[in-house]
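Residue numbers (full-length UniProt numbering): 1 to 777.
What follows is a single structure, written as structure tokens, with notes after it.
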């Protein structure tokens, strides 16, 4: 152990040197003086690069090195969270990044397939102190013994699983299992579906996969960014420390309600409203609603004009509308085509009136002088002036706005929800609203509306081009001064030579202007968060089975390459609008061109709990097969029937937390139906609050909030009021102890042994008898 401690000390010394070098570079870069654009660019790039290095170094501080591989050919490598090299000419590796190919035997080698290993060592540290070593002999011909050999190859894994929870997910980089490693390192192209029951580690595997993809495809994914979509903000807080601990900080974590820039979804929908909004029929309803806004006048519209009234009838509008729709452009982008057609029609009408030859037989305005000798006396310039006057007329623009309005997604969706046409009456009644905050189910509707409307950025592009031309002109002036003497050298040359010089200078001016433009030094993740049209390099979706058809339309737009990792379990589908099956989710986008893998080992839930929890889905589907629990604690779940629910829960929490404190630190969750929270909050004031804080010793949550989370102890309240899916989730969140408290009979199929009734105890506790409550069983 002393040798490993000396190595760890050396490693942290080198880490301190790397950190000091990065900090010095950042400090020097920030001190660079001058307002020159090139200086600012160099400064910002250096700061960004070395700040990223500092973040990775800080992230790798804890558990920096956790393994060692001794190969039969004499190679010897330490494995860690990040790669660190010596400060020598060869840049010799001190520790190998866990994602490197040479590190794979640490996760995959077995006695049957040693992958060239002689032995594998697990190094357990606490802070910077080595506290345990565990050696696995993989080559039976190896007779050397260190005294740290262990017969149980899963000892390190089991110790990790038995550790107390902190309210934050930890990485599993030290204990990745072979089936997990194969998923983590799978190719990133195409759609990979990772299915697994409770406790199989599918979420943490997906996070490690993100870290691996960023390592293996750094140049591509760092530019396009990786998006991780979670079911709720509490879940994102729970997993927030995993990727930074693996040295990756450039990933965007978001809920569905955060994927429309500028809108924060703080409202809530009823289950029925969320289901209707998530249905695929909403896409067609919104598309038809947009077309409804491209209206025909019921009667001839009369528009005041200084040269007399203009008359706009339904036929003229219909012709303009038809031509605009034929462009195939979104509503706002097709609007200028509609406007130009209306303006042309009105121009022709007015030109016919004021330009008609009183001595001729009338007719359309002419476009040439020869033709102008007949029906119309106006020339092209006259007609152009008439068109310009009509195009700038506020009255004409008011009519165009009425017939083909310029719309925002927020305006369109708000109008649709106030009057949900093109839906069955029952569905329309469920979602109808005239005010209120945006909800998560509204976000896909806003995104759909944005696609249908498009964004007319012609004005912004014109302004940007004008600014760019000014920059080029300025740069050309600088070049003219610089090349003044060279211009005199070319003065006696012919015109062709002068043109070559001018073209050469123009190109240089453009490049110079580009070089001095202010660069956007935000990370790819930061830019992606602010850009609705951003195309991500890879998307990972947790609890993917819960997303609606409309939500999938949004996500597929965000990843045109369909490079995705979808994580979930159809057996835990709880949202009424959830697609549930992978075929239903993916068939509209990739057909059958996707890969499906399943995790079958439950690392979280002890066998005693899983046996009881599995009866719930099995009561609905007798063929249901739960994941296999890898461990048993010997502690049976318990149940208690009471007629005073708040008091029974308070006493159970007091007992469990007191016992937990005697054993170790940990976290307890009371998982109850939402309707029970008000009464329970009154007796558990420290467990509730305006925002869910998973680092509290005790939290009060509902089953939807519990998805993806885990706790040392869980108390499930009133299971009869939970649906099968929600109850299955609630019963599989605990790693050590599980209790069920109910006033009504347990649901069919759920059998939990009654709480034990030990002898009476004294000492002023809230309970006088352990396991027995005054409210009765």
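Virtual Cβ for every residue (Gly too), placed ideally from N, Cα, C.
**Prompt:** Can you round the beta-carbon distance between residue 431 and residue 420 to whole angstroms, since I take them to be within the 8 Å contact cut?
**Reply:** Counting from 1 along the chain shown, the entry for residue 431 is found at position 431. Counting from 1 along the chain shown, the entry for residue 420 is found at position 420. Right, the Cβ-Cβ distance comes to about 6 Å (below 8 Å), so this counts as a contact.
**Item:** For residue 115, three-class secondary structure by DSSP
**Value:** For the purposes of this step, residue 115 is taken as residue 115 along the chain shown, with counting starting at 1. Look at residue 115 here: in three-state DSSP terms it is coil, with no helix or strand label.
**Asked** Is it buried or exposed for residue 101, if we count other Cβ within 10 angstroms and need 16 for buried?
**Response** Locating residue 101 in the chain shown gives position 101, where the first residue counts as 1. Looking at its Cβ environment, which holds fewer than 16 other Cβ atoms inside 10 Å, residue 101 is exposed.
**Request:** Evaluate residue 674 with the Cβ neighbour count: other Cβ atoms within 10 Å of its Cβ, from every protein chain shown; 16 or more gives buried, anything less gives exposed.
**Result:** Walking along the chain shown from the start, residue 674 turns up at place 674. It counts as exposed.
**Item:** Where residue 229 falls, given that 16 or more other Cβ within 10 Å makes a residue buried
**Value:** Working through the chain shown from its first residue, we reach residue 229 at position 229. Around the CB of residue 229, 16 or more other CB atoms lie within 10 Å, so the residue is classed as buried.
**Asked** If you drop the 5 nearest sequence neighbours on each side, which residues of the same chain put their C-beta closer than 7 Å to that of residue 178?
**Response** Sequence index remark: in the chain shown, residue 178 carries index 178 (1-based). Same-chain partners within the cutoff: 107 and 108.
**Message:** Please classify residue 745 as buried or exposed, where buried requires at least 16 neighbouring CB atoms within 10 angstroms.
**Reply:** Counting from one through the chain shown, the residue named residue 745 turns up at place 745. Around the beta carbon of residue 745, fewer than 16 other beta carbons sit within 10 angstroms, so the residue counts as exposed.
**Message:** Please classify residue 10 as buried or exposed, where buried requires at least 16 neighbouring CB atoms within 10 angstroms.
**Reply:** Reading the chain shown from its first residue, position 10 is the one you call residue 10. So residue 10 ends up on the exposed side.
**Asked** Closest to residue 231 by CA distance: which of 717, 440 and 690 is it?
**Response** Counted from its first residue, the chain shown places residue 231 at position 231. For residue 231, the nearest C-alpha among the options comes from 440.
**Asked** Is the segment 701-720 in contact with the segment 162-172, if contact means three or more CB pairs nearer than 8 Å?
**Response** Segments in contact, yes.
**Prompt:** Taking 7 Å as the cut-off, is the CB of residue 120 close to at least one heavy atom of the ligand ZN?
**Reply:** Inclusion of the ligand ZN in the displayed structure is not the case, the ligand content being empty and no account of it being possible.
**Message:** What would DSSP say about residue 564, mapped onto helix, strand or coil?
**Reply:** By one-based count along the chain shown, residue 564 stands at place 564. In the displayed model, residue 564 falls within a strand according to three-state DSSP.
**Item:** Beta-carbon spacing of residue 703, residue 722 below 8 Å
**Value:** Position 703 of the chain shown, counting from 1, holds the residue named residue 703. Position 722 of the chain shown, counting from 1, holds the residue named residue 722. Taking 8 Å as the Cβ cut-off, residue 703 and residue 722 qualify as a contacting pair.
**Asked** For residue 321 versus residue 399, is the C-beta spacing smaller than 8 Å?
**Response** By one-based count along the chain shown, residue 321 stands at place 321. By one-based count along the chain shown, residue 399 stands at place 399. One thing to note: residue 321 has its Cβ no nearer than 8 Å to the Cβ of residue 399.
**Assigned secondary structure, residue 85 (DSSP; H/G/I helix, E/B strand, else coil)** = Indexing the chain shown from 1 puts residue 85 at position 85. Looking at residue 85 - three-state DSSP - the assignment turns out to be strand.
**Item:** Cβ pair count under 8 Å reaching 3, the segment 232-243 against the segment 549-568
**Value:** Note that the segment 232-243 does not touch the segment 549-568; fewer than 3 beta-carbon pairs, one per stretch, sit closer than 8 Å.
**Request:** Jot down the residue ranges of each uninterrupted alpha helix (DSSP H) in the segment 186-265, minimum 4 residues, whole runs only, in chain order.
**Result:** Taking only runs of at least 4 residues, the alpha helix (DSSP H) segments lying wholly in the segment 186-265 are 202-216, 218-224, 233-239 and 242-245.
**Asked** Which of the three DSSP states, helix, strand or coil, is assigned to residue 99?
**Response** As a working mapping, residue 99 is identified with position 99 in the chain shown. Reduced to three states, the DSSP call for residue 99 is coil.
**Asked** Of all the options 700, 216 and 264, which has the alpha carbon lying nearest to the alpha carbon of residue 186?
**Response** Indexing the chain shown from 1 puts residue 186 at position 186. Nearest of 700, 216 and 264 to residue 186, Cα basis: 216.
**Request:** Closer than 8 Å by C-beta to residue 133: which residues in its own chain qualify, once you throw out the five before and the five after it? Chain order, please.
**Result:** Locating residue 133 in the chain shown gives position 133, counting from the first residue. Only 1, 4, 121, 122, 123, 124, 146 and 148 meet the Cβ criterion.
**Prompt:** By how many angstroms is the C-alpha of residue 126 removed from the C-alpha of residue 634?
**Reply:** Residue numbering aside, residue 634 sits at position 634 when the chain shown is read from its first letter. Residue numbering aside, residue 126 sits at position 126 when the chain shown is read from its first letter. Between residue 634 and residue 126, the C-alpha separation is close to 28 Å.
**Request:** Quick one: using the 10 Å Cβ neighbour count with 16 as the cut-off for buried, is residue 719 buried or exposed?
**Result:** In the chain shown, residue 719 corresponds to position 719, counting from 1. Result: buried.
**Asked** Can residue 383 and residue 346 be called in contact, C-beta distance under 8 Å?
**Response** As a working mapping, residue 383 is identified with position 383 in the chain shown. As a working mapping, residue 346 is identified with position 346 in the chain shown. No, these two residues do not count as a Cβ contact at 8 Å.
**Message:** Quick test of your reading: residue 150 and residue 604, contact by CB under 8 Å. State the CB separation rounded to the nearest angstrom.
**Reply:** As a working mapping, residue 150 is identified with position 150 in the chain shown. As a working mapping, residue 604 is identified with position 604 in the chain shown. Actually they do not touch by this definition, with Cβ atoms about 23 Å apart.
**Prompt:** When the Cα atoms are used, what is the spatial distance from residue 192 to residue 566?
**Reply:** The count along the chain shown starts at 1 and reaches residue 192 at position 192. The count along the chain shown starts at 1 and reaches residue 566 at position 566. Separation of residue 192 and residue 566 (C-alpha to C-alpha, rounded to the nearest whole angstrom) is 6 Å.
**Among 221, 98, 717 and 607, the one whose alpha carbon lies nearest that of residue 79** = In the chain shown, counting from the first residue as 1, residue 79 sits at position 79. Checking every option, the nearest Cα to that of residue 79 belongs to 98.
**Pair within 8 Å by beta-carbon distance, residue 330 and residue 452** = The residue given as residue 330 occupies position 330 in the chain shown. The residue given as residue 452 occupies position 452 in the chain shown. Their beta carbons are under 8 Å apart, which means residue 330 touches residue 452 by this criterion.
**Request:** Reducing DSSP to helix, strand and coil, say where residue 411 ends up.
**Result:** Within the chain shown, residue 411 is the residue found at index 411, counting from 1. It is helical.
**Request:** Alpha carbon to alpha carbon, how far is residue 755 from residue 716? Give it in angstroms, no decimals.
**Result:** The sequence position of residue 716 within the chain shown is 716, counting from 1. The sequence position of residue 755 within the chain shown is 755, counting from 1. Each residue's Cα considered, the two are about 13 Å apart.
**Prompt:** Looking at C-alpha atoms only, which residue of 319, 96, 541 and 188 is the closest neighbour of residue 203?
**Reply:** The sequence position of residue 203 within the chain shown is 203, counting from 1. Among 319, 96, 541 and 188, the Cα nearest to that of residue 203 is on 541.
**Item:** the segment 262-281 in contact with the segment 532-552 per 3-pair CB rule at 8 Å
**Value:** Counting Cβ pairs under 8 Å, three or more are found: they touch.
**Request:** Whole angstroms is fine: what's the gap from residue 213's alpha carbon to residue 536's?
**Result:** Position 213 of the chain shown, counted from the first residue, corresponds to residue 213. Position 536 of the chain shown, counted from the first residue, corresponds to residue 536. Between residue 213 and residue 536, the alpha-carbon positions lie close to 13 Å from each other.
**From 686, 140, 385 and 578, residue whose alpha carbon lies closest to that of residue 725** = As a working note, residue 725 is residue 725 in the chain shown. Closest by alpha carbon: 578.
**Request:** Could you tell me if residue 140 is buried or exposed, where buried requires 16 or more neighbouring beta carbons within 10 angstroms of its beta carbon?
**Result:** Translated into positions along the chain shown, residue 140 becomes position 140. Exposed.
**Message:** If we require 3 or more residues per run, which beta strand (DSSP E) segments fall completely within the segment 646-722?
**Reply:** Listed in chain order, they are 668-671, 698-701 and 711-717.
**Message:** Counting C-beta neighbours from all protein chains within 10 Å, is the total for residue 447 16 or more, i.e. buried, or is it exposed?
**Reply:** Within the chain shown, residue 447 is the residue found at index 447, counting from 1. That one is buried.
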